[in-house]
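Going left to right, the sequence shown walks through residues 97 to 218 as our numbering numbers them. Idealized CB from N, CA, C, for every residue including glycine. In this text, all values refer to a predicted model and were calculated from it rather than measured experimentally. Please read the structure below before turning to the comments.
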Amino acid sequence: MNWISDIEEALAKRAAEGKRLLMIFKGNGDWCKWCNALDEVLKESDALEKYLESEGILGAKILIPRKAEDEEGIRERFGITGIPFLVFYSEEGTVEGTTEFIDDGNASSYVEWIESVDSSAF
Numbered sequence: 097m098n099w100i101s102d103i104e105e106a107l108a109k110r111a112a113e114g115k116r117l118l119m120i121f122k123g124n125g126d127w128c129k130w131c132n133a134l135d136e137v138l139k140e141s142d143a144l145e146k147y148l149e150s151e152g153i154l155g156a157k158i159l160i161p162r163k164a165e166d167e168e169g170i171r172e173r174f175g176i177t178g179i180p181f182l183v184f185y186s187e188e189g190t191v192e193g194t195t196e197f198i199d200d201g202n203a204s205s206y207v208e209w210i211e212s213v214d215s216s217a218f
């Protein structure tokens with residue numbers, strides 16, 4: 097899986113290709129314990145990556161600074177309430193759903209979450 101690491105590149109690619117997009121915002125560095133926990137969950141299983149690839153969904157992992165250092169206003173722009181923060185976009189660019197770390201979850205929990213908010217199946 098080739099994760100996109102730039103916000104504008106991810107949004108532009110989604111628009112150009114008309115694909116769904118999963119953006120994962122996480123702390124830039126190892127200071128965010130929940131971001132580290134998500135990394136571990138996703139390392140334990142490739143279920144999320146396999147799902148994204150099989151469904152043709154773009155994936156982006158975006159590193160963001162601490163709240164006090166967020167000079168670009170990333171948190172405000174994307175409605176980030178905590179990190180890690182996941183945003184799922186439809187083919188049209190509409191936000192289908194957002195979530196934070198899924199407690200007691202695993203990589204499949206994130207697949208289930210995507211399926212629960214993805215309107216393309218309706």
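The stretch 105-123 / the stretch 182-193 touching (three or more Cβ pairs under 8 Å): Flag = yes, the stretch 105-123 and the stretch 182-193 touch.
Between Asn124 and Leu159, which are expected to be in contact by the criterion C-beta below 8 Å, what is the C-beta distance as a whole number of angstroms? Translated into positions along the sequence shown, residue 124 becomes position 28. Translated into positions along the sequence shown, residue 159 becomes position 63. With a beta-carbon spacing of about 4 Å, Asn124 and Leu159 fall inside the 8 Å limit used to define contacts.
Within 8 Å, do at least three Cβ pairs link the stretch 163-182 to the stretch 141-150? Counting C-beta pairs with one atom in each stretch, the stretch 141-150 and the stretch 163-182 have fewer than three that are closer than 8 Å, which means they do not touch.
CA nearest to the CA of Asn224, picked from Cys128, Trp130, Cys131, Leu148: There is simply no residue 224 to check, as the chain begins at 97 and stops at 218 in what is shown.
Report the option in Ile103, Phe121, Asp102 whose CA atom is closest to the CA atom of Glu196. Locating residue 196 in the sequence shown gives position 100, where the first residue counts as 1. Looking at the Cα atoms, Phe121 is the closest of the given residues.
I think Glu193 touches Val213, with their Cβ atoms under 8 Å apart; what is that distance to the nearest whole Å? The residue labelled residue 193 in the question sits at position 97 within the sequence shown. The residue labelled residue 213 in the question sits at position 117 within the sequence shown. Checking the sequence shown, residue 193 turns out to be Gly, not Glu. Indeed they touch by this definition, with Cβ atoms about 3 Å apart.
Would you tell me roughly how many angstroms separate the C-alpha atoms of Val191 and Ala133, rounded to the nearest one? If you number the sequence shown from 1, residue 191 lands on position 95. If you number the sequence shown from 1, residue 133 lands on position 37. Rounded to the nearest angstrom, the two C-alpha atoms are 25 Å apart.
Do Ile153 and Lys115 have their CB atoms nearer than 8 Å? As a first step, residue 153 is located in the sequence shown; it is residue number 57 there, counting from the start. As a first step, residue 115 is located in the sequence shown; it is residue number 19 there, counting from the start. Going by C-beta atoms, Ile153 is nearer than 8 Å to Lys115.
Verify whether the separation of the beta carbon atoms of Ser205 and Ile198 is less than 8 Å. As a first step, residue 205 must be located in the sequence shown, where it is residue number 109. As a first step, residue 198 must be located in the sequence shown, where it is residue number 102. The answer is yes: Cβ separation under 8 Å.
Inspect the beta-carbon positions of Met119 and Ala164 and report whether they are closer than 8 Å. Working through the sequence shown from its first residue, we reach residue 119 at position 23. Working through the sequence shown from its first residue, we reach residue 164 at position 68. No, the Cβ-Cβ distance between Met119 and Ala164 is not below 8 Å.
Whole angstroms are fine: how far does the CA of Lys129 sit from the CA of Arg162? What you label residue 162 is simply residue 66 of the sequence shown in a count that begins at 1. What you label residue 129 is simply residue 33 of the sequence shown in a count that begins at 1. The straight-line gap from Cα to Cα measures roughly 13 Å.
Using only the alpha-carbon positions, how far apart do Ala217 and Ala111 sit? Against the sequence shown, residue 217 aligns to sequence position 121. Against the sequence shown, residue 111 aligns to sequence position 15. So the two alpha carbons sit approximately 20 Å from each other.
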